[in-house]
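A short write-up of the structure that comes next.
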Amino acid sequence: MAYEQSRTQPLEAVSFVQIASTLGVVPGALHYHIGTKDDLTTAILNRFYKELLAQLDGISVALDWKDRLRQFARTLMACERDHRGAAEHIQTKSKYRLFQKVAAGETDYGAAYLDWAFRLFRDAGFDAKQAALFYHVLALHCLAAANSTNARLEPAEHEAFLIGRASGFAQGSMPGLDFALPAFANIRTEDAFEFGLEALLDRFAAHRSSEQ
Numbered sequence: 000m001a002y003e004q005s006r007t008q009p010l011e012a013v014s015f016v017q018i019a020s021t022l023g024v025v026p027g028a029l030h031y032h033i034g035t036k037d038d039l040t041t042a043i044l045n046r047f048y049k050e051l052l053a054q055l056d057g058i059s060v061a062l063d064w065k066d067r068l069r070q071f072a073r074t075l076m077a078c079e080r081d082h083r084g085a086a087e088h089i090q091t092k093s094k095y096r097l098f099q100k101v102a103a104g105e106t107d108y109g110a111a112y113l114d115w116a117f118r119l120f121r122d123a124g125f126d127a128k129q130a131a132l133f134y135h136v137l138a139l140h141c142l143a144a145a146n147s148t149n150a151r152l153e154p155a156e157h158e159a160f161l162i163g164r165a166s167g168f169a170q171g172s173m174p175g176l177d178f179a180l181p182a183f184a185n186i187r188t189e190d191a192f193e194f195g196l197e198a199l200l201d202r203f204a205a206h207r208s209s210e211q
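Going letter by letter, the sequence shown gives residues 0 to 211 in numbering that gives the first Met the number 0.
Shown next, in the form of structure tokens:
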């Protein structure tokens with residue numbers, strides 16, 4: 000239940016009181032079985048990474064390195080977009096961003112995900128330094144796109160407002176707005192994500208070619 004609630008709201012908003020009220024039990028019962036709020040947070044994030052990893056495992060090994068990275072990025076962005084709580088936490092908090100708190104014998108799926116991602120870059124032909132940097136840059140791009148969608152930040156969501164405000168200035172007083180604001184107001188997150196993704200992959204390819 001907590002996991003499903005956190006798909007559409009920040010992890011901070013998912014409380015024992017809220018869950019207990021929905022289940023018709025006292026909050027103390029949940030504390031007894033789950034532990035602290037940190038325990039609840041890391042349990043949610045561990046499940047997020049488990050589900051993400053299951054989807055990543057479906058990427059065909061028969062694809063070339065660039066197509067595998069492309070599918071990785073699209074899958075990561077889609078999973079983050081579909082889980083607002085996890086995506087916002089990963090972008091704004093340092094605790095449990097990747098490594099999770101798990102009991103002995105349980106799997107830390109955050110660690111397993113990062114291991115999977117680093118192996119993806121290694122197998123694509125990058126050295127350790129490149130793999131670390133390129134993964135980080137690509138992950139940031141995916142996260143920004145996901146949270147932009149969740150927060151309704153894409154310009155196209157606010158097209159009428161943007162054009163309306165720009166039209167309030169005297170013609171020619173802000174030539175930059177006259178020139179590009181109408182086009183800017185049509186931009187959608189998905190298009191911006193794909194453009195940035197291809198630009199990053201081209202840059203990765205250039206480094207890969209120079210090294211080889």
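Glycine is no exception: its CB is placed at the ideal position from the N, C-alpha and C atoms.
Taking only three categories from DSSP, how would you classify Lys-92? coil
Relative to the C-alpha of Arg-207, which candidate in Phe-120, Asn-45 and Asp-107 has its C-alpha closest? Phe-120
Do Pro-9 and Glu-87 have their C-beta atoms within less than 8 Å of each other? yes
Run of the alpha helix (DSSP H) containing Gln-8, from where it starts to where it stops: Unbroken run through Gln-8: none, as it is neither H nor E.
Counting beta carbon pairs with one atom in the stretch 79-95 and one in the stretch 40-50, are three or more of them shorter than 8 Å? yes
Put Leu-139 into one of helix, strand or coil per three-state DSSP. helix
Using a Cβ-Cβ cutoff of less than 8 Å, which residues in the same chain neighbour Glu-153 once the five nearest sequence positions on both sides are dropped? Ser-147, Ile-186, Arg-187, Thr-188 and Ala-191
Status (buried if at least 16 other CB within 10 Å, exposed otherwise) for Leu-139: exposed
Terminal residues of the continuous alpha helix (DSSP H) containing Glu-212? Outside the modelled stretch of the chain, which goes from 0 to 211, sits residue 212, for which no answer is possible.
State the start and end residues of the unbroken alpha helix (DSSP H) segment that holds Glu-79. Element bounds for Glu-79: 64-80.
Where do the ends of the alpha helix (DSSP H) carrying Asp-122 lie? 108-122
Determine the extent of the alpha helix (DSSP H) in which Ile-162 is found, giving its start and end residues. For Ile-162, the enclosing alpha helix (DSSP H) has its first and last residue at 158-165.
Where do the ends of the alpha helix (DSSP H) carrying Pro-174 lie? 174-183
Determine the burial state of Met-76: buried for a count of at least 16 other Cβ atoms within 10 Å of its Cβ, exposed for fewer. Counting Cβ neighbours within 10 Å, Met-76 comes out buried, since at least 16 surround it.
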